[in-house]
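Visitor:
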Amino acid sequence: MGKIILTGDRPTGRLHIGHYVGSLRRRVELQNSGEFEKIFIMIADAQALTDNFDNPEKVRENIIEVALDYLSAGLDPEKSTIFIQSQIPELFEITSYYMNFVTVSRLQRNPTIKSEIQMRGFETSIPVGFLSYPVSQATDITAFRANLVPVGEDQEPMLEQTREIVHKFNSVYGETLVMPEIMLPDNQACMRLPGIDGGAKMSKSLNNCIYLADTKEEVQKKIRSMFTDPNHLRVEDPGRTEGNPVFIYLEAFATDEHFAKYWPDYANLDELKAHYERGGLGDVKVKKFLNRVLEDTLEPIRARRAEYEKDIAGVYDILKEGTRKAREMAAETLAMVKGAMKIDYFNDPELVARHQEKYGN
Ligand code: TRP
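Reading the sequence shown from the start, the letters are residues 171 to 531 in our numbering.
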């Protein structure tokens with residue numbers, strides 16, 4: 171059997187360039203490699219509700235935004251199945267059986283959960299739905315029998331928990347579930363793109379993101395305002411490239427071809443960095459180059475978005491059809507799970523025959 175990919179995002183806001191280099195770009199490459207039998211891309215609305223249950227409008231409004239971002243980034247509904255988590259009831263049924271294999275203390279030790287509990291001030295009263303979302307994520311992955319899960323490093327603990335659940339389930343009930351592997355971004359800069367303010371992470375609440383849906387003017391303005399090396403005051407001063415978001419973005423986006431095309435004074439990023447560190451290179455020039463490089467990526471995305479925005483009903487149809495296909499697969503896996511767990515009473519004529527015999531009829 172061919173390889174299967176599953177990954178997804180919570181619909182809590184538009185996707186930004188951190189999402190793009192952290193996972194979207196790779197998904198599109200994997201999709202176009204033709205090496206995978208199936209690719210599932212999930213809009214994780216039920217997971218988003220675990221910490222936004224009091225704000226369902228936010229989740230509802232962002233489903234279309236995320237779908238538009240996916241399609242404009244190059245995910246092709248002919249090749250990738252894009253679907254909505256909450257519309258597949260089989261997922262919730264599977265999750266309830268996996269819960270038997272997970273302890274509360276194990277969930278509390280999950281590093282992602284631990285830091286999210288702190289961030290949200292849940293320490294004294296943790297909603298069960300929130301605490302158990304890693305179990306539901308294990309279902310997301312296994313219901314589609316995914317071998318490969320391309321995600322950012324913040325999802326590593328989720329994959330670890332999923333693998334534990336798969337291992338336990340298979341040891342107790344026999345080989346049923348597929349053991350998934352994580353696929354992390356291959357470039358350090360792509361692991362976690364900082365915000366334009368130099369903050370550790372791009373985050374909507376910090377207002378430091380460049381969104382895929384930003385206009386050319388918005389992107390230009392954001393790049394102009396970007397934090398660089400605060401000690402690089404005059405052009406002649408030596409500058410720091412390490413931890414300098416402008417250079418981190420270049421690491422994530424700039425290729426040697428970009429240099430050949432837009433800034434042939436340098437053959438590659440190493441040469442540019444060396445000059446900046448020596449001194450004599452101003453931020454404005456580097457930012458202009460970054461703007462060109464980013465536009466090379468963002469312009470085609472913007473153009474595709476504009477096309478899809480003209481046919482929103484069509485985008486909802488894509489989601490509906492994707493969800494229908496995904497549900498078929500989840501239902502198959504649920505049947506396998508129930509079979510393995512011996513709770514398939516009405517699909518097992520032998521069981522009836524054996525009990526008939528036991529009672530002499
Ligand atoms: N937890 C992921 C996020 O916050 C979203 C997600 C839900 C996911 N289910 C998944 C990712 C399954 C990969 C596989 O972005």
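We treat Cβ as the ideally placed atom computed from N, Cα and C, and that holds for glycine.
On the CB-based measure, 16 or more other CB atoms within 10 Å of its CB, does glycine 484 come out buried or exposed?
Guide: Exposed, since its Cβ has fewer than 16 Cβ neighbours within 10 Å.
Visitor: Given a cut-off of 7 angstroms, decide if arginine 180 and alanine 214 are closer than it, judged by their beta-carbon atoms.
Guide: Yes, these two residues count as a Cβ contact at 7 angstroms.
Visitor: Kindly examine ligand 1 and report whether one of its heavy atoms sits closer than 6 angstroms to the Cβ of threonine 220.
Guide: Threonine 220 Cβ: outside cutoff for every heavy atom of ligand 1.
Visitor: Below 6 angstroms, is the gap between the Cβ of aspartate 179 and the nearest heavy atom of ligand 1?
Guide: Indeed, a heavy atom of ligand 1 lies less than 6 angstroms from the Cβ.
Visitor: Compare the Cα-Cα distances from leucine 329 to each of Phe339, Gly530, Asp310 and Ser341 and report the closest residue.
Guide: Among Phe339, Gly530, Asp310 and Ser341, the Cα nearest to that of leucine 329 belongs to Asp310.
Visitor: Does the beta-carbon of alanine 214, which I'm using as the reference point, lie nearer than 6 angstroms to any heavy atom of ligand 1?
Guide: Yes, Cβ of alanine 214 sits closer than 6 angstroms to a heavy atom of ligand 1.
Visitor: Where does proline 532 fall in DSSP's three states?
Guide: In the structure as shown, the chain starts at 171 and stops at 531, and residue 532 therefore has no counterpart that could be examined.
Visitor: How close, in whole Å, do the beta carbons of isoleucine 393 and asparagine 461 come, if the pair is a contact with beta carbons under 8 angstroms?
Guide: With a Cβ gap of about 5 angstroms, isoleucine 393 and asparagine 461 count as contacting.
Visitor: Should proline 259 go down as buried or exposed, given a rule of 16 or more other Cβ atoms within 10 Å for buried?
Guide: Exposed, by the Cβ-count rule.
Visitor: If I measure Cβ to Cβ from glutamate 469 and keep anything under 8 angstroms in the same chain, skipping five residues before and after, which residues do I get?
Guide: For glutamate 469, where only same-chain residues beyond five positions count, the Cβ hits under 8 angstroms are Lys386.
Visitor: Using only the alpha-carbon positions, how far apart do cysteine 379 and methionine 361 sit?
Guide: Between cysteine 379 and methionine 361, the C-alpha separation is close to 15 angstroms.
Visitor: Do you know how far the Cα of leucine 439 is from the Cα of leucine 489?
Guide: About 40 angstroms.
Visitor: Which same chain residues end up closer than 6 angstroms to isoleucine 335 when comparing Cβ atoms and leaving out the 5 residues on each side of it in sequence?
Guide: Taken in chain order, the residues that qualify are Tyr268, Phe271 and Ala308.
Visitor: Let me check one thing: in DSSP terms, what residues is methionine 328 bridge-paired to?
Guide: Answer is none; methionine 328 lacks a bridge partner.
Visitor: Closer than 6 angstroms to a non-hydrogen atom of ligand 1 - does that hold for the CB of aspartate 310?
Guide: Indeed, a heavy atom of ligand 1 lies less than 6 angstroms from the Cβ.
Visitor: Are at least three pairs of beta-carbons, each pair with one atom in the segment 310 to 328 and one in the segment 344 to 352, less than 8 angstroms apart?
Guide: Contact between the segment 310 to 328 and the segment 344 to 352 is present, because at least three Cβ pairs lie under 8 angstroms.
Visitor: Drop a sphere of 10 angstroms on the beta-carbon of threonine 182, count the other beta-carbons inside from all chains shown, and report buried for 16 or more, exposed for fewer.
Guide: So threonine 182 ends up on the buried side.
Visitor: Bridge partners for lysine 431 per DSSP, in chain order?
Guide: The partner list for lysine 431 (beta bridge, DSSP) is empty, contrary to what the question assumes.
Visitor: Ligand 1 and glutamine 307: does the residue's C-beta get closer than 6 angstroms to at least one heavy atom of that ligand?
Guide: Yes, Cβ of glutamine 307 sits closer than 6 angstroms to a heavy atom of ligand 1.
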